[in-house]
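> Under this note's numbering, the first residue of the sequence shown is numbered 8, with each subsequent residue one higher. Okay, here's the structure, questions in a sec.
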Amino acid sequence: MAAKRNFLKQFFKDRKMVGAVSPSTKFLGEKMLASIDFDKAKGIVELGPGTGVFTDIIMQRMRKDAKLLVFELNDDFYETLSARIDDPRVQIIHDSAENIAKYLPEEEQTTQDAVISSLPLMVFPAELRQAVVDAGYNSLKPKGTYVQFQYSLQSKKFLESIYKSVKITFTIKNFPPAFVYTCKKK
Ligand SMILES: C[S@@+](CC[C@H](N)C(=O)[O-])C[C@H]1O[C@@H](n2cnc3c(N)ncnc32)[C@H](O)[C@@H]1O
8 MAAKRNFLKQ
18 FFKDRKMVGA
28 VSPSTKFLGE
38 KMLASIDFDK
48 AKGIVELGPG
58 TGVFTDIIMQ
68 RMRKDAKLLV
78 FELNDDFYET
88 LSARIDDPRV
98 QIIHDSAENI
108 AKYLPEEEQT
118 TQDAVISSLP
128 LMVFPAELRQ
138 AVVDAGYNSL
148 KPKGTYVQFQ
158 YSLQSKKFLE
168 SIYKSVKITF
178 TIKNFPPAFV
188 YTCKKK
C-alpha cells in the first residue's frame, strides 16, 4: 500500500517522467516477460523499473551468470530500489535510459538478449523518445527482443519503423489496461 501511495506521489511530482498512477500488476509483468528465454539470456536491460514489479520477476528467472542493468531516472524510485535489491547480478543505474551504451563494456555493446521497457514513450518529447528507443535497439544482439508496454496503440508505427517485427497483445488485468509490444531485431 505504501509503495502504491508513493507511486502516486511521484506521478504528481513529475507526470511526464512517471507516466502512470500506480505500479503495474504482476500479471502484466508475466506478459511482458513471456517471450524472454531466461534459460539462455545472459544480458538483460530494464528501463524504468519504478518500484520494481518487473525487476523482481526478472531476478527470480534469470540465470546465475546473467547480468541485469536497470535504468531509473526518478530519485525516489532509484533510492528505494537500490536499498531493497542486493544481488550481484543486478546493477541499478541512476541515469536516463538513452545512456545504456555508457554502462556496457566495449565487448558487450550490441550483445544484450532483451530490453524490457516501461518508459512512457508517448509522453516523452520526440527527441528523447527516439534516443531511448535507439539506445535499446543498439544494445541488442541480432534477433534480440525489445518489450515495451503502453496504454495505447500510438507507439505501433514508431516501433515498426525500427524493429523487423512487432507483435502486440492486450491485457485488462492492469490499471490502466495495457498493450504489450514485443519487438524483434533483425
Ligand atoms: C510507467 S512507470 C513504470 C514503472 C514500473 N516498471 C511499473 O510498470 O510499475 C515509468 C518509469 O520510467 C521511469 N523513467 C522515466 N523516464 C526515464 C528515463 N529517461 N530513464 C530511465 N527511467 C525513466 C519513471 O521514473 C518510472 O519509474
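Every residue, glycine too, gets a C-beta built ideally from N, C-alpha and C.
Identify the continuous alpha helix (DSSP H) that holds L88 and give its terminal residues.
Segment D82 to R91, the alpha helix (DSSP H) holding L88.
> Look at the alpha carbon of V97 and the alpha carbon of Y170, and state the distance between them as a whole number of angstroms.
Each residue's alpha carbon lies about 27 Å from the other.
> So the candidates are E86, K191 and R136; which of them puts its Cα closest to the Cα of Q161?
The candidate whose alpha carbon is nearest that of Q161 is R136.
> Restricting to runs no shorter than 4 residues, where is the alpha helix (DSSP H) found entirely within the region 84-156?
Correct list: 133-146.
> Are there 16 or more other CB atoms within 10 angstroms of the CB of P56, so buried, or fewer, so exposed?
Answer is buried; the Cβ neighbour count reaches 16.
> Considering A185, what are the terminal residues of the beta strand (DSSP E) in which it resides?
Per DSSP, A185 belongs to the beta strand (DSSP E) from A185 to K191.
> Would you mind sorting S159 into buried or exposed? The rule is 16 or more other CB atoms within 10 Å of its CB.
With fewer than 16 Cβ atoms within 10 Å of its Cβ, S159 is classed as exposed.
> Between T58 and ligand 1, is there a pair consisting of the residue's CB and a ligand heavy atom that are separated by less than 7 Å?
T58 Cβ: within cutoff of ligand 1.
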